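To start, the structure itself, in structure tokens.
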Amino acid sequence: MHVQQDRSRRWLLKWSAASAAGVAIGGALLPNFGISAALAADLGEGDVGVLNYAYALEQLEAAFYTMVVDSPYADISGDETALLTDIRDHEVEHREFLKKALGDGAIPALEVDFSAVDFKSRASVLGTAMVFEDLGVGAYNGAGKLIENPDYLLAAGKIVSVEARHAAAIRDLLNPNSVSFAGDDVVDKNGLDVAYAPTEVLPKAGPFIKTDVTANSFM
Amino acid sequence: MTLNQNTLLAGVDPEITERLVANRREFFRSSALKLGALASAPLLLAAASQQAFGQDLPAEITDVLLFALTLEHVEDAFYRSGLEAKGLIPKQYVGIFNQIGKHEAEHVAFLTAALGPKAIKRPKLDLTAGGKYADALTNFDTYLTLSQTFEDLGVAAYKGQAGNLISKDDILTAALQIHSVEARHAAIVRRIGGKKSWDGAFDEPMSKDDVLAAATPFLA
Numbered sequence: 001m002h003v004q005q006d007r008s009r010r011w012l013l014k015w016s017a018a019s020a021a022g023v024a025i026g027g028a029l030l031p032n033f034g035i036s037a038a039l040a041a042d043l044g045e046g047d048v049g050v051l052n053y054a055y056a057l058e059q060l061e062a063a064f065y066t067m068v069v070d071s072p073y074a075d076i077s078g079d080e081t082a083l084l085t086d087i088r089d090h091e092v093e094h095r096e097f098l099k100k101a102l103g104d105g106a107i108p109a110l111e112v113d114f115s116a117v118d119f120k121s122r123a124s125v126l127g128t129a130m131v132f133e134d135l136g137v138g139a140y141n142g143a144g145k146l147i148e149n150p151d152y153l154l155a156a157g158k159i160v161s162v163e164a165r166h167a168a169a170i171r172d173l174l175n176p177n178s179v180s181f182a183g184d185d186v187v188d189k190n191g192l193d194v195a196y197a198p199t200e201v202l203p204k205a206g207p208f209i210k211t212d213v214t215a216n217s218f219m
Numbered sequence: 220m221t222l223n224q225n226t227l228l229a230g231v232d233p234e235i236t237e238r239l240v241a242n243r244r245e246f247f248r249s250s251a252l253k254l255g256a257l258a259s260a261p262l263l264l265a266a267a268s269q270q271a272f273g274q275d276l277p278a279e280i281t282d283v284l285l286f287a288l289t290l291e292h293v294e295d296a297f298y299r300s301g302l303e304a305k306g307l308i309p310k311q312y313v314g315i316f317n318q319i320g321k322h323e324a325e326h327v328a329f330l331t332a333a334l335g336p337k338a339i340k341r342p343k344l345d346l347t348a349g350g351k352y353a354d355a356l357t358n359f360d361t362y363l364t365l366s367q368t369f370e371d372l373g374v375a376a377y378k379g380q381a382g383n384l385i386s387k388d389d390i391l392t393a394a395l396q397i398h399s400v401e402a403r404h405a406a407i408v409r410r411i412g413g414k415k416s417w418d419g420a421f422d423e424p425m426s427k428d429d430v431l432a433a434a435t436p437f438l439a
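Keeping their order, the protein sequence lines are chains A and B.
Read the first sequence against the numbering used here and you will find it ends at 219, with the numbers running on by one and no gaps.
Read the second sequence against the numbering used here and you will find it ends at 439, with the numbers running on by one and no gaps.
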């Protein structure tokens with residue numbers, strides 16, 4: 001898959017209000033990227049912008065679950081370990097898939113900040129996981145209409161339903177055998193899941209990302 | 220039911236139509252678990268969601284929505300029947316299946332409203348697939364297997380059709396929103412069955428023909 005630039009859609013948004021480029025206090029470098037990513041990153045235009053947007057979210061998720069698996073919370077069950085390890089592997093695959101697809105158009109590795117997460121606490125870890133998964137589902141659902149190339153739309157579709165599966169499983173860990181897996185907080189009265197515009201997603205993801213991500217010409 | 224009356228098949232390829240008809244004949248005498256075409260969805264929801272879409276949809280969009288509505292009818296009937304079958308669903312899972320069934324009914328209502336006069340009513344169904352799953356509504360393991368089949372099929376079906384909706388932003392978004400709900404359903408049903416909630420990092424799409432071939436045995 002190779003992404004074509006498209007200049008037909010433009011918009012302006014800014015991922016993180018914090019402009020702490022170069023500052024990495026409390027941040028963790030993403031795995032598999034040896035370089036510091038403390039430079040500002042712009043998502044780019046058109047389909048490149050949308051895929052970079054997805055790539056940024058997948059970087060965030062992959063980094064999160066890598067930490068979760070590397071330093072599991074107390075009394076983690078075998079079921080939970082297996083599930084969280086699978087999810088980590090999926091997010092890494094998503095990240096690498098998008099990175100490869102974007103090629104030279106990919107934003108750099110982002111620097112993350114999980115200082116708000118208590119990795120020793122099951123509630124904190126699974127609560128954050130739920131936020132990320134639901135956010136991912138909503139982000140892909142909302143970004144689908146921004147994609148112009150059907151091949152990329154399909155690729156996004158192949159990822160988003162796996163994110164939804166993650167969301168349901170994580171929700172079931174938090175509230176076993178309840179309706180939470182597809183609760184009324186995320187599925188509306190028409191049976192429709194969340195769909196968020198990038199302008200809704202970015203403020204929610206921003207606190208976890210140190211790198212200044214901009215979308216100066218995205219959409 | 221003659222072919223002409225079978226609105227289910229509107230918008231479906233002639234070849235598939237022939238297969239469906241042949242199949243229906245084959246299983247025509249299977250009396251078990253036949254479901255009549257019941258009243259369609261709540262009017263209130265229908266009215267609400269109709270506002271979201273324009274009246275004149277292009278044929279290729281209508282085809283996708285009819286295809287989706289067919290699958291939703293099957294799912295809706297499947298969960299209604301399961302929830303009505305006394306003792307089938309263990310108590311601790313009734314809430315989950317109620318929630319899934321609620322969503323499928325909402326999908327039927329939503330797609331029915333989106334299609335307006337072109338919408339189809341629920342087709343006659345045979346949840347035993349001609350006897351292959353004779354204990355579909357008496358054995359929870361069988362019921363779970365079918366539930367997972369329908370949910371994973373739904374995910375693959377919507378995914379396969381997304382590209383055909385690319386020209387209609389609002390409908391594409393709604394289809395994606397249903398798609399991920401089906402994935403949430405699939406995940407929990409697999410979990411109840413002691414399976415992983417996923418097959419891997421990427422969910423594969425299915426073509427309309429393949430999906431219909433899989434669903435055909437359940438059409439009475």
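Just so you know, even glycine gets a beta-carbon here, dropped at the ideal spot from N, CA and C.
Predicted model, so just to flag it, every value in this text is computed and none were measured.
Item	Value
Three or more beta-carbon pairs under 8 Å between the stretch 138-157 of chain A and the stretch 109-125 of chain A, yes or no?	no
Per DSSP, B/Leu438 forms a beta bridge with which residues?	B/Leu344
Using a Cβ-Cβ cut-off of 6 Å (strictly less than) and excluding sequence neighbours within five positions of A/Leu174, which residues of its own chain qualify?	Leu126
I need the boundaries of the beta strand (DSSP E) containing A/Ala215, first residue and last residue.	Val213 to Ala215
Given 8 Å as the limit, is there contact between the stretch 293-304 of chain B and the stretch 343-356 of chain B, that is, 3 or more CB pairs closer than that?	yes
Between the Cα of A/Val68 and the Cα atoms of A/Lys204, A/Ala129, A/Asp184 and A/Asp185, which residue gives the shortest distance?	A/Ala129
So for B/Ile385, helix, strand or coil by DSSP?	coil
Taking 8 Å as the threshold (C-beta atoms), are B/Val400 and A/Gly183 in contact?	no
Starting from the C-beta of A/Gly142, find all residues in its chain whose C-beta is less than 6 Å away, skip the five residues before and the five after it, and write them out in chain order.	Ala195, Tyr196 and Ala197
Under three-state DSSP, which class holds A/Ile170?	helix
In chain B, which residues lie with their C-beta within 7 Å of the C-beta of A/Val162?	Trp417, Ala420, Phe421 and Asp422
Kindly indicate the opening and closing residues of the alpha helix (DSSP H) around A/Pro203.	Pro198 to Ala205
Which residues in chain B have a C-beta closer than 7 Å to the C-beta of A/Pro150? List them in chain order.	Gly382 and Ile385
Give the interface partners of B/Ile339 over in chain A, defined as CB-CB distance under 9 Å, in chain order.	Within 9 Å Cβ-Cβ: nothing; B/Ile339 doesn't reach chain A, min ~18 Å.
Answer with buried or exposed for B/Pro424, where buried requires no fewer than 16 other C-beta atoms within 10 angstroms of its C-beta.	buried
Buried or exposed: B/Ser416, going by 16 or more other Cβ atoms within 10 Å of its Cβ?	buried
Please return the same chain residues whose Cβ sits closer than 7 Å to the Cβ of A/Leu98, not counting the five positions on each side in sequence.	Leu51, Ala54, Tyr55 and Glu58
Give the DSSP-derived three-state secondary structure of A/Val112 in the structure shown.	strand
Using a C-beta to C-beta distance shorter than 7 Å, which residues of chain A count as neighbours of B/Asp388?	Lys145
From A/Asp89 to A/His166, what distance separates their C-alpha atoms?	12 Å
Under 8 Å by Cβ, that's how I've got A/Leu43 and A/Ile107 pegged, so tell me the actual separation to the nearest angstrom.	6 Å
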